[in-house]
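Asks:
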Amino acid sequence: MKVAVLTVQVPFVRGGAELLADWLTENLREHGHEVELVRLPFRWNPPRAVLDHMLAARLTRVRPADRVIATKFPAYVVPHENKVVWLLHQFRPVYELWGTPHQGLEDGHEAARVREAVMAVDNAYLPEAKAIYTNSRVTSTRLRNFNGLDSKILYPPLRDPASFRCESYGDYVFFPSRITSSKRQELLVQALAHTRSGVRAVIAGAGDLPEHVDSLRDLIDREGLGERIELIPAWISEERKLELYANALAVVYPPLDEDSYGYVTMESFYARKPVLTCTDSGGTLELVEDQVTGRVVAPSPVAFAEALDELAEEPALAERLGERARRRLDELDVSWETVVETLTS
Amino acid sequence: MKVAWFTPLSTHSAVAEYSTHVALALAEHCQIDLWVGDDDRHRSTPLRTFEFHDEPALLHRLAQYDLAVYNIGNYDAFHGAIYEASKWRPGIVILHDRSCHHLFAAHWLGAGEARRYLDRMEALYGHAGRERARAAIEDRQPPIWESDEEALRYPLVEEALVGALGAAVHSGDHAGDLRDRWFGPVGELFLPSYRTAPHNAPARGGDDRTTLLTLGHVNRNKQIDRVLRLLDRDRELAARVRYLVVGPGLEAAYGQELVRYTQEAGLHGVSFLGYQSDEVVDRLLAESDVCVNLRFPPLEGSSASLLRQLEIGKAVLAFDVGGFSEVPDGAIVKVQPGDDDALELALRSLVEDANRRDSVGAAAAAYAGPLTAERYAEAFLDLAETVDSWAPVVRTVDRVADELTLLGARGQLPAVELAGRELETFFGQIDAKPLQRGLGPGDRPALGRFLRRNDVPEVTGHFHPFPMTEVTAEEIALRPGADRYYGAFIEGRLVALSMLRGWNEGFDVPSFGIVVDAAWHGRGIGSMLTDFTLERVPWLGSERVRLTVYKSNDRAYRMYADRGFSEVERAPIERAGERDERIVMVKELT
Numbered sequence: 001m002k003v004a005v006l007t008v009q010v011p012f013v014r015g016g017a018e019l020l021a022d023w024l025t026e027n028l029r030e031h032g033h034e035v036e037l038v039r040l041p042f043r044w045n046p047p048r049a050v051l052d053h054m055l056a057a058r059l060t061r062v063r064p065a066d067r068v069i070a071t072k073f074p075a076y077v078v079p080h081e082n083k084v085v086w087l088l089h090q091f092r093p094v095y096e097l098w099g100t101p102h103q104g105l106e107d108g109h110e111a112a113r114v115r116e117a118v119m120a121v122d123n124a125y126l127p128e129a130k131a132i133y134t135n136s137r138v139t140s141t142r143l144r145n146f147n148g149l150d151s152k153i154l155y156p157p158l159r160d161p162a163s164f165r166c167e168s169y170g171d172y173v174f175f176p177s178r179i180t181s182s183k184r185q186e187l188l189v190q191a192l193a194h195t196r197s198g199v200r201a202v203i204a205g206a207g208d209l210p211e212h213v214d215s216l217r218d219l220i221d222r223e224g225l226g227e228r229i230e231l232i233p234a235w236i237s238e239e240r241k242l243e244l245y246a247n248a249l250a251v252v253y254p255p256l257d258e259d260s261y262g263y264v265t266m267e268s269f270y271a272r273k274p275v276l277t278c279t280d281s282g283g284t285l286e287l288v289e290d291q292v293t294g295r296v297v298a299p300s301p302v303a304f305a306e307a308l309d310e311l312a313e314e315p316a317l318a319e320r321l322g323e324r325a326r327r328r329l330d331e332l333d334v335s336w337e338t339v340v341e342t343l344t345s
Numbered sequence: 346m347k348v349a350w351f352t353p354l355s356t357h358s359a360v361a362e363y364s365t366h367v368a369l370a371l372a373e374h375c376q377i378d379l380w381v382g383d384d385d386r387h388r389s390t391p392l393r394t395f396e397f398h399d400e401p402a403l404l405h406r407l408a409q410y411d412l413a414v415y416n417i418g419n420y421d422a423f424h425g426a427i428y429e430a431s432k433w434r435p436g437i438v439i440l441h442d443r444s445c446h447h448l449f450a451a452h453w454l455g456a457g458e459a460r461r462y463l464d465r466m467e468a469l470y471g472h473a474g475r476e477r478a479r480a481a482i483e484d485r486q487p488p489i490w491e492s493d494e495e496a497l498r499y500p501l502v503e504e505a506l507v508g509a510l511g512a513a514v515h516s517g518d519h520a521g522d523l524r525d526r527w528f529g530p531v532g533e534l535f536l537p538s539y540r541t542a543p544h545n546a547p548a549r550g551g552d553d554r555t556t557l558l559t560l561g562h563v564n565r566n567k568q569i570d571r572v573l574r575l576l577d578r579d580r581e582l583a584a585r586v587r588y589l590v591v592g593p594g595l596e597a598a599y600g601q602e603l604v605r606y607t608q609e610a611g612l613h614g615v616s617f618l619g620y621q622s623d624e625v626v627d628r629l630l631a632e633s634d635v636c637v638n639l640r641f642p643p644l645e646g647s648s649a650s651l652l653r654q655l656e657i658g659k660a661v662l663a664f665d666v667g668g669f670s671e672v673p674d675g676a677i678v679k680v681q682p683g684d685d686d687a688l689e690l691a692l693r694s695l696v697e698d699a700n701r702r703d704s705v706g707a708a709a710a711a712y713a714g715p716l717t718a719e720r721y722a723e724a725f726l727d728l729a730e731t732v733d734s735w736a737p738v739v740r741t742v743d744r745v746a747d748e749l750t751l752l753g754a755r756g757q758l759p760a761v762e763l764a765g766r767e768l769e770t771f772f773g774q775i776d777a778k779p780l781q782r783g784l785g786p787g788d789r790p791a792l793g794r795f796l797r798r799n800d801v802p803e804v805t806g807h808f809h810p811f812p813m814t815e816v817t818a819e820e821i822a823l824r825p826g827a828d829r830y831y832g833a834f835i836e837g838r839l840v841a842l843s844m845l846r847g848w849n850e851g852f853d854v855p856s857f858g859i860v861v862d863a864a865w866h867g868r869g870i871g872s873m874l875t876d877f878t879l880e881r882v883p884w885l886g887s888e889r890v891r892l893t894v895y896k897s898n899d900r901a902y903r904m905y906a907d908r909g910f911s912e913v914e915r916a917p918i919e920r921a922g923e924r925d926e927r928i929v930m931v932k933e934l935t
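Chains as they are written, first to last, in the working numbering: chain A, 1 to 345; chain B, 346 to 935.
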């Protein structure tokens, strides 16, 4: 089958969504399909640029394809009679982030018009798809609440899950993620200041903006935690990442209302590590169950510190939760075979 | 806000007169400069002026303005340079005439750009338009602008709006016509009266005849020949009136025709006074009994002279068309164009019945009196907000059109249709409900006007967290801190304000508040903005929200209770001499 994978690309920016498109393309090819990965350029500032991109996408044709798989806004508005949508998230600035400090679009009439136009386009063109799958319960729920559309959940697998291993439950917690306010690295720093166990932390990931890293570094200095926190403000090698997972006591991942479970969660589970997350972290809660596969606590430094101390003082608890986390993945049937079959059937 | 107001300033231009009054009223609200597009003898104005027709390089300064406004009428000498300036920076185009054919034909042909004239005629009106213009250029047919009907068939107003962000016109009828031709926001404003003429003070000097007056440029559109024929036919009526025709244009064929007819018919009560100064016109207007203001077909959006006649309480006789139709019955005497019998009856009635003249005049004054330049300025600022809110849409459509034009696309091509259909999907429904969003620095002027508008007991009786002043608007828009403020906008106008306050003072639980514009109560806007605002709270880091409501505001109390707010505190208080209760309610949002 000729398959066009449609996604968008903010030039020179790569993250989980870009990786997923690559992996999907690879796996479709491995299953014998002829695949083109089509990345439509996208930017959202000034807000009116979104209108241009929507129109450009809508006027784009990929007719020779037998099947189109679209993953992101506005790639999914490209018309095709045999289109399925695997939605990673909608254009969040105009939905759940609208009217909050995370909106990312300047307040004003222009952004408001763009918001209405984006919602009109989603309402008009998402239903064209033969099926809509999402990456999480959170994304499906939002799609239902905002647009009245039904969807099914299709969890994205990791590229190479077998590479993750567990060697020990060491004396540090690992927080691998982009350094940005919505991931809340500062919550871990503030929590460490309240711990009594002396547990350490490794925070690794590139900063979205230099000031995010500076601000985090300042906080670590202010709290006098330079000895206990290793900050690696850059993407680390796959090998280093696997090693840090393998020997961590647990993994910390408390984003604010994440739209999916997050690769970090799944990687942790493959490495048999429990995940420490928050009650308001959104998609992570689909996999992380308190005292079963990790710890789910209130987003406060004190609550976080208690959970850290509990794990540090009883590594056997971390091991027990980690083992249960690994088994949870088997129950979910998350695999590329499932993804490819679902999206091409 | 800094506004560049493009206008002619000639003493011979009605648009110039309008501009000097309106711009002065707008100057109460914003900084306004007049950009003058003609080199005729100018009216005086206290406002700063830039005569850009002498110095086009001045147009680079337009970048310093928040808004550019272009007054366009159907006369090249007054409006041609303004049209050219409008291509420098998009803005609001105020269209004073329904047809701008004469403006553009003269502008292009005068500059030796016959091809441009033909191309635009074809682009807008197809092959037939091009051929008709070609026939005029080659003298095979008369010029289009010499026929009112043809000028309206090929009005070229679309050309005046290329690149515009919005349009303003002075009658609903004109607005409707324009909306059929152009996709952008079209504001329908009333034409203001300027109070420049003294009120009714007839000086008859022993002459007991009824004075009829027709004002303005003498041309066929004013139907003066129809009145002359009527008087010629009804000599008894003619003997009871003196008919003054005041305005330039007598030297032209139509004027000559009128003078000749009058002499040959021996209509001694008819006088052609030609051009007169404003002072003389005002005096003649004051002395007149009936203003005969017959225009057909309607070429202007509305008529400044009509407004002046109504405002000073004159009985006006007009055809029931265009902007004249929109004057309420009773405040003007309207007859169907072409119905000469009805015209004669109406005129006779006004001549014979002084009481009727008085009652029509009184109703006219009551109608036109409130149509002041000050009110016009406020309506214009509302329109500016609407235009601002539509700007991203208009710019997008224009950008797409520009790209298609560059590709040589014509309107009939499927690609053009497809792009149009997609844009319709994007924007077709967006004004079905209010736009709701956070307020930012750019909202300060709108917020200031909203607070001032609602500084009335009906609102402040229940809502008083801060003074309803410009100072408050500035604080909210420019320095909100951690507190959040949201607005609901309809057609760009702020109609409701909501807030989550308390974070600035260190509280964990924000206090919710909302105020809906007094003019928009009872339309569900408050409920909508309440839901919108409460949905944001968890994203702002709180799991609970509180509010205060008075027992006397039962409707609000029920709305909050329906939304899951629970009462946690109630205390008796006295407000404005009445006993009331202050109720604190809380809602958990987890």
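Backbone N, C-alpha and C fix where the C-beta goes; we use that ideal spot for every residue, glycine too.
What are the residues that DSSP puts in a beta bridge with R67(A)?
Replies: Your numbering for residue 67(A) matches position 67 in the first sequence. Paired residue(s): V3(A).
Asks: Tell me whether the region 577-593 of chain B and the region 607-616 of chain B touch, counting them as touching only if at least three CB pairs, one residue from each stretch, are closer than 8 Å.
Replies: With a cut-off of 8 Å, the region 607-616 of chain B and the region 577-593 of chain B count as touching, because enough Cβ pairs lie within range.
Asks: For P176(A), which residues does DSSP report across the bridge?
Replies: The sequence position of residue 176(A) within the first sequence is 176, counting from 1. Its beta-bridge partners are A204(A).
Asks: Does the count of Cβ pairs from the region 411-428 of chain B and the region 382-394 of chain B closer than 8 Å reach three?
Replies: A contact exists between the region 411-428 of chain B and the region 382-394 of chain B.
Asks: Alpha helix (DSSP H) containing I489(B): first to last residue?
Replies: Mapped onto the second sequence, residue 489(B) falls at position 144. Run containing I489(B): none; DSSP gives neither H nor E here.
Asks: If we count the other Cβ atoms within 10 Å of its Cβ and call it buried at 16 or more, is T814(B) buried or exposed?
Replies: In the second sequence, residue 814(B) corresponds to position 469, counting from 1. Classification for T814(B): exposed.
Asks: Which of helix, strand or coil does DSSP assign to S163(A)?
Replies: As a position in the first sequence, residue 163(A) is number 163, starting the count at 1. S163(A): helix per DSSP, three-state reduction.
Asks: Where do the N-terminal and C-terminal ends of the beta strand (DSSP E) with I859(B) fall, by residue?
Replies: Within the second sequence, residue 859(B) is the residue found at index 514, counting from 1. Looking at the DSSP string, the run of the beta strand (DSSP E) that includes I859(B) is 856-861.
Asks: Under the three-state reduction of DSSP, which class applies to Y462(B): helix, strand or coil?
Replies: Within the second sequence, numbered from 1, the residue matching residue 462(B) stands at position 117. Helix at Y462(B).
Asks: Which partner residues of M930(B) appear in the DSSP bridge assignment?
Replies: Counted from its first residue, the second sequence places residue 930(B) at position 585. According to DSSP, M930(B) bridges with L892(B), E912(B).
Asks: What residues from chain B crowd round R48(A), counting only those whose CB sits closer than 8 Å?
Replies: Here residue 48(A) corresponds to residue number 48 of the first sequence, with the count starting at 1. Neighbours of R48(A) on chain B, chain order: P737, R740, T741.
Asks: Rounding to the nearest angstrom, what Cα-Cα distance links F669(B) and S647(B) in this structure?
Replies: Residue numbering aside, residue 669(B) sits at position 324 when the second sequence is read from its first letter. Residue numbering aside, residue 647(B) sits at position 302 when the second sequence is read from its first letter. Distance between the alpha carbons of F669(B) and S647(B) is about 7 Å.
Asks: With 16 other CB atoms within 10 Å as the buried threshold, where does P965(B) fall?
Replies: Absent from the structure is residue 965(B), since the part of chain B shown begins at 346 and ends at 935.
Asks: Just to confirm before moving on: does the CB-CB distance between L276(A) and A250(A) stay below 7 Å?
Replies: What you label residue 276(A) is simply residue 276 of the first sequence in a count that begins at 1. What you label residue 250(A) is simply residue 250 of the first sequence in a count that begins at 1. In contact: L276(A) and A250(A) (Cβ atoms closer than 7 Å).
Asks: Residues of the region 108-121 of chain A in Cβ contact with chain B at a cutoff of 8 Å, in chain order, please.
Replies: Those residues of the region 108-121 of chain A that come within reach of chain B (Cβ to Cβ, closer than 8 Å) are G108, H109, E110, A111, A112, R113, V114, R115, E116, A117, A120, V121.
Asks: Looking at the secondary structure, which residues open and close the alpha helix (DSSP H) in which D214(A) lies?
Replies: For the purposes of this step, residue 214(A) is taken as residue 214 along the first sequence, with counting starting at 1. Run containing D214(A): 210-222, per the alpha helix (DSSP H) assignment.
Asks: Check whether the Cβ atoms of V591(B) and Q568(B) lie closer than 7 Å to each other.
Replies: Locating residue 591(B) in the second sequence gives position 246, where the first residue counts as 1. Locating residue 568(B) in the second sequence gives position 223, where the first residue counts as 1. It is not a contact, given that the beta carbons lie outside the stated cut-off.
Asks: Residues of chain A with a CB under 8 Å from the CB of S734(B): which are they?
Replies: Taking the first residue of the second sequence as position 1, residue 734(B) is located at position 389. Here the neighbours are H109, A112, R113.
Asks: Go ahead and pull the three-state DSSP assignment for W350(B).
Replies: Looking up residue 350(B) in the second sequence gives position 5. Of the three classes helix, strand and coil, the one that applies to W350(B) here is strand, per DSSP.
Asks: Would you tell me roughly how many angstroms separate the C-alpha atoms of A248(A) and V264(A), rounded to the nearest one?
Replies: Here residue 248(A) refers to the residue found at position 248 when the first sequence is read from its first residue. Here residue 264(A) refers to the residue found at position 264 when the first sequence is read from its first residue. So the two alpha carbons sit approximately 13 Å from each other.
Asks: For F771(B), decide whether its Cβ has a neighbour in chain A, counting only Cβ atoms nearer than 7 Å.
Replies: Indexing the second sequence from 1 puts residue 771(B) at position 426. At least one chain A Cβ lies under 7 Å of F771(B).
Asks: Does the separation of the CB atoms of P737(B) and R48(A) fall below 7 Å?
Replies: What you label residue 737(B) is simply residue 392 of the second sequence in a count that begins at 1. What you label residue 48(A) is simply residue 48 of the first sequence in a count that begins at 1. Going by C-beta atoms, P737(B) is nearer than 7 Å to R48(A).
Asks: In three-state terms, what does DSSP make of W23(A)?
Replies: Position 23 of the first sequence, counted from the start, is the residue given in the question as residue 23(A). Helix at W23(A).
Asks: For chain A, check one thing: does any of its Cβ atoms lie closer than 7 Å to the Cβ of E483(B)?
Replies: Position 138 of the second sequence holds residue 483(B). Judged by the 7 Å Cβ criterion, E483(B) is not in contact with chain A.
Asks: DSSP on I482(B), reduced to helix/strand/coil?
Replies: In the second sequence, residue 482(B) corresponds to position 137, counting from 1. Residue state, collapsed to three classes: helix.
Asks: Provide the residue(s) that pair with H89(A) in DSSP beta bridges, ordered along the chain.
Replies: As a working note, residue 89(A) is residue 89 in the first sequence. For H89(A), which the question treats as bridged, DSSP gives the partners K72(A).
Asks: Are the beta-carbon atoms belonging to R388(B) and D378(B) less than 7 Å from one another?
Replies: For the purposes of this step, residue 388(B) is taken as residue 43 along the second sequence, with counting starting at 1. For the purposes of this step, residue 378(B) is taken as residue 33 along the second sequence, with counting starting at 1. Their beta carbons are not under 7 Å apart, which means R388(B) does not touch D378(B) by this criterion.
Asks: With a threshold of 7 Å on Cβ separation, who are the neighbours of V10(A) within its own chain once the five nearest residues in sequence on each side are excluded?
Replies: Here residue 10(A) is taken as the residue at index 10 of the first sequence, counted from 1. Excluding sequence neighbours, V10(A) sits near F42, R43.
Asks: Using a Cβ-Cβ cutoff of less than 7 Å, which residues in the same chain neighbour K83(A) once the five nearest sequence positions on both sides are dropped?
Replies: The residue labelled residue 83(A) in the question sits at position 83 within the first sequence. Only V68, A70, E128, A129, K130 meet the Cβ criterion.
Asks: Rounded to a whole number of angstroms, what is the C-alpha to C-alpha distance between P46(A) and L105(A)?
Replies: The residue labelled residue 46(A) in the question sits at position 46 within the first sequence. The residue labelled residue 105(A) in the question sits at position 105 within the first sequence. So the two alpha carbons sit approximately 8 Å from each other.
Asks: Would you report the Cα separation of I439(B) and A520(B), rounded to the nearest angstrom?
Replies: Translated into positions along the second sequence, residue 439(B) becomes position 94. Translated into positions along the second sequence, residue 520(B) becomes position 175. The alpha-carbon atoms of I439(B) and A520(B) are separated by roughly 11 Å.
Asks: When the Cα of G619(B) is compared with those of T559(B), P530(B), T805(B), P779(B), which residue comes out closest?
Replies: Walking along the second sequence from the start, residue 619(B) turns up at place 274. Out of T559(B), P530(B), T805(B), P779(B), T559(B) has the C-alpha closest to the C-alpha of G619(B).
Asks: With 7 Å as the threshold, decide whether the Cβ of T139(A) is near any Cβ in chain B.
Replies: Taking the first sequence and counting its residues from 1, the one referred to as residue 139(A) is at position 139. Chain B, which has no Cβ nearer than 7 Å to the Cβ of T139(A), makes this no.
Asks: Who are the neighbours of G99(A) on chain B, taking C-beta pairs under 9 Å?
Replies: On the first sequence, position 99 is the one that residue 99(A) refers to. Q781, R782, G783, R829, Y831, F877, T878, E880, R881, W884, L885, listed in chain order.
Asks: Only counting the same chain, and skipping five residues up and downstream in sequence, which positions put a Cβ closer than 6 Å to that of A4(A)?
Replies: To locate residue 4(A), count along the first sequence from 1; it is residue 4. The residues are E36, V38, V62, A65, V68.
Asks: Helix, strand or coil for D378(B) per DSSP?
Replies: As a position in the second sequence, residue 378(B) is number 33, starting the count at 1. Three-state result, D378(B): strand.
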